[in-house]
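In this note's numbering, the protein residues as written are 2 to 789.
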């Protein structure tokens with residue numbers, strides 16, 4: 002190839018490489034900028050455009066609901082309860098709305114029990130009017146009295162003009178005193194049945210309500226409530242009848258808007274009602290029960306802070322966190338599903354039939370009156386319960402304020418999230434570009450796990466709502482898109498290489514070459530491995546008795562299952578040497594128990610050999626058998642060969658010993674021989690081992706202790722196998738002591754258990770020869786082999 006052609010190929014490859022890198026960088030930056038832009042758009046829409054929901058909020062609010070469910074219900078830390086119009090009350094007083102004559106006795110009983118405050122999540126907008134029981138006394142007097150009829154008519158007129166039930170209820174409110182009456186406001190004209198035409202008809206009862214509930218305001222000069230469009234603003238109100246309003250001293254609205262999915266996550270604490278800033282029912286109850294005034298500080302954007310100021314100590318303030326929009330909404334830290342707040346039936350209040358435990362709770366308690374019976378309740382779902390009574394949301398908000406156990410979505414958390422989005426893009430982009438998919442995936446999972454832990458213990462766990470979806474989507478998008486791009490560009494080339502070499506190299510070696518191309522270079526490392534050699538017995542005579550085609554077919558049938566066993570076990574098929582197989586375990590992938598794995602693979606090969614013997618016999622092929630040698634030790638492993646051609650293999654004395662052990666299987670008539678070095682690595686009790694001999698193999702001076710890995714299925718029972726091993730071991734001990742008579746007897750007993758045992762016959766022959774000639778004083782019981 003010419004120099005010009007080489008340069009052209011070089012620059013073409015370099016250009017392709019740079020193009021891939023540029024595409025990966027572009028993908029990462031696009032994910033980061035898209036996430037950053039989505040968060041900025043959401044922040045702008047939520048705070049400045051006064052939009053309640055967008056795609057980001059929709060996802061994050063659902064995740065917030067899930068976090069609350071995973072957190073589980075919270076125990077109310079304040080003495081707050083629901084004074085319920087429940088089924089029990091309906092059964093006693095009749096259908097709702099029932100007569101107001103019952104409230105006086107109920108309120109008096111509650112006052113006697115020590116209830117501090119009652120708030121009304123209900124409106125009595127119409128005069129009840131006189132009912133049958135109101136006329137009963139007059140009717141009875143008409144029947145029995147002799148006085149003029151005009152006297153009874155006057156009484157009747159008075160009853161008709163002033164309902165006794167309303168009067169009783171009005172007096173009960175005035176007597177109890179610590180009552181916050183509720184009312185509704187409407188933000189849209191369409192919500193009002195009769196559209197008002199003048200302010201005095203829109204807010205006919207706002208005068209006394211303003212005097213009792215108007216909030217202190219600190220506002221920049223030149224600004225009015227009307228200039229803050231983010232505030233909730235009333236177009237009209239629905240309030241109680243004038244006598245009830247006149248009797249009360251405290252008021253609060255219970256209007257509240259759910260999110261677009263009908264879940265109540267926020268509560269409006271303040272609203273512009275008739276040009277005045279007015280409190281919600283829960284905020285007013287909290288302020289009065291703590292003996293505090295409500296104060297709101299505005300800035301140019303909206304409500305900057307909402308505080309409760311101690312009446313006798315203006316320095317003592319409680320700040321209530323509101324939304325970053327400045328509208329005066331508070332994120333509700335919901336306590337749980339229905340009945341997370343204790344319920345007390347109005348019927349029990351009327352009858353004073355509370356239990357001792359309930360009476361103890363009611364002392365100094367704050368109750369919110371509301372309907373819970375079917376048909377009387379206002380369903381307002383929260384993250385825990387889709388059929389929650391609306392009164393429980395007000396109670397949860399009141400508990401949040403009193404216990405100061407808030408959930409906060411602050412301006413500062415937005416800045417933190419934006420920094421996290423930038424950090425993900427800048428820190429993880431290099432890993433996504435240059436790292437492997439597995440490493441990148443682990444890093445992604447580690448980040449998400451860490452992010453969730455930070456949220457659990459430092460954000461959500463401490464009352465801050467941090468967004469999880471956008472950062473998670475960003476890092477998932479980066480990982481997914483870069484991985485797909487790598488797959489469609491680089492993985493195709495990897496699959497081509499793998500398809501070419503999968504028939505010649507083990508999958509483990511192919512993976513190493515694909516993951517680390519530098520491994521193709523020459524060289525090796527020293528590592529402790531287990532090597533296996535297997536050889537077919539009598540292969541020369543077998544090859545002479547078959548045609549080349551038949552021999553090739555038979556060898557393929559033999560090599561296929563043997564190779565499959567080696568590769569499945571994680572071994573590397575080093576090479577075929579004629580009819581022999583060489584394999585090893587522990588490289589290139591480290592296997593902590595490679596000796597165990599190799600020994601099990603050897604046993605599996607012998608079992609597969611038994612099946613092949615039957616198949617070959619049925620087909621009339623020559624009988625075959627194999628011997629296997631295993632050794633464990635340090636050996637050089639790596640790519641060996643020349644610059645033009647090399648192979649991944651092992652070398653060293655430990656390898657040679659494995660080959661020698663395979664040859665010795667014929668001497669002892671066994672199937673599998675292992676060295677003492679392999680034996681020491683095996684898990685005790687996992688294999689049946691027979692102590693065969695101490696030998697010196699050709700090429701080594703030091704003796705080696707060798708063992709047979711026995712096949713349990715060749716004996717009738719495990720007990721018989723263990724007896725055979727024990728007697729052979731005893732014979733070996735007698736042999737080492739030069740007690741030839743005892744050794745011959747013991748090996749003879751082994752032959753009784755296994756008549757074809759070549760090793761026992763071999764030892765008997767050695768003992769008989771030793772009896773005929775004196776052994777030298779230097780004899781150490783080691784048998785030296787002079788051939789391979």
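Positions of the beta carbon are idealized from the N, C-alpha and C atoms, including for glycine.
{"query": "Integer-rounded CB distance, given that residue 669 should sit under 8 Å from residue 760", "result": "5 Å"}
{"query": "Within 8 Å, strictly: CB atoms of residue 640 and residue 659", "result": "no"}
{"query": "Buried versus exposed, by CB contacts within 10 Å (16 or more), residue 671", "result": "buried"}
{"query": "As assigned by DSSP and simplified to three states, the class of residue 782", "result": "coil"}
{"query": "Nearest-angstrom Cα separation, counted from residue 676 out to residue 724", "result": "22 Å"}
{"query": "Nearest-angstrom beta carbon gap, residue 349 and residue 373 [assumed within contact, 8 Å]", "result": "13 Å between Cβ atoms; not a contact."}
{"query": "Through-space distance from residue 331 to residue 416, alpha-carbon basis", "result": "20 Å"}
{"query": "CA nearest to the CA of residue 704, picked from 77, 782, 485", "result": "782"}
{"query": "Reference residue 734; option with closest CA among 75, 715, 64, 694", "result": "694"}
{"query": "Inter-stretch contact (C-beta, 8 Å, three-pair minimum) for the segment 390–402 and the segment 54–72", "result": "no"}
{"query": "Inter-residue CB distance, residue 83 and residue 345 (contact presumed, cutoff 8 Å)", "result": "7 Å"}
{"query": "First and last residue of the uninterrupted beta strand (DSSP E) at residue 776", "result": "No beta strand (DSSP E) contains residue 776, which DSSP labels as neither H nor E."}
{"query": "Spatial neighbours of residue 219 in its chain, beta-carbon cut-off 6 Å, leaving aside the 5 residues before and after", "result": "298"}
{"query": "First and last residue of the uninterrupted alpha helix (DSSP H) at residue 455", "result": "438–455"}
{"query": "Those residues which DSSP pairs with residue 311 across a bridge", "result": "293, 314"}
{"query": "Secondary structure of residue 236, DSSP reduced to three states", "result": "coil"}
{"query": "Residue 706, enclosing beta strand (DSSP E) - first and last residue", "result": "705–710"}
{"query": "Selection from 480, 51, 117 that minimises the alpha carbon distance to residue 326", "result": "51"}
{"query": "Backbone CA spacing between residue 449 and residue 490 [nearest angstrom]", "result": "28 Å"}
{"query": "Runs of alpha helix (DSSP H) lying entirely within the segment 509–595, each at least 4 residues, in chain order", "result": "540–546, 549–569"}
{"query": "Simplified DSSP state of residue 401, which is helix, strand or coil", "result": "helix"}
{"query": "Distance, residue 785 Cα to residue 769 Cα", "result": "18 Å"}
{"query": "Same chain, Cβ closer than 6 Å to residue 273, neighbours up to 5 away in sequence not counted", "result": "226, 232, 234"}
{"query": "Supposed close pair residue 108, residue 177 - CB separation, criterion 8 Å", "result": "5 Å"}
{"query": "Three-way DSSP call (helix, strand, coil) for residue 628 in this model", "result": "strand"}
{"query": "Cβ-Cβ distance between residue 571 and residue 598 below 8 Å", "result": "yes"}
{"query": "Exposed unless 16 or more other CB atoms sit within 10 angstroms - verdict on residue 736", "result": "buried"}
{"query": "Nearest-angstrom Cα separation, counted from residue 126 out to residue 195", "result": "Model confidence at residue 195 stands at a pLDDT of 42, short of 50, so the residue's coordinates are unreliable; what they give is reported in the following sentence. Each residue's Cα considered, the two are about 15 Å apart."}
{"query": "Residue 541 burial status per 10 Å Cβ neighbour count (16 or more: buried)", "result": "exposed"}
{"query": "Delimiting residues of the beta strand (DSSP E) encompassing residue 86", "result": "81–86"}
{"query": "Contained alpha helix (DSSP H) runs [length at least 4] in the segment 58–107, N- to C-terminal order", "result": "88–94"}
{"query": "Residue 281, buried or exposed, once every other Cβ within 10 Å from all chains shown has been counted against 16", "result": "buried"}
{"query": "According to DSSP, residues forming a beta bridge with residue 185", "result": "239"}
{"query": "Nonlocal neighbours in the same chain, by C-beta distance under 6 Å from residue 90, ignoring five residues either side", "result": "346, 347, 348"}
{"query": "Nearest candidate by alpha-carbon position, reference residue 395, set 211, 121, 114, 64", "result": "121"}
{"query": "Spatially closest choice to residue 433 from 189, 637, 475, by CA coordinates", "result": "475"}
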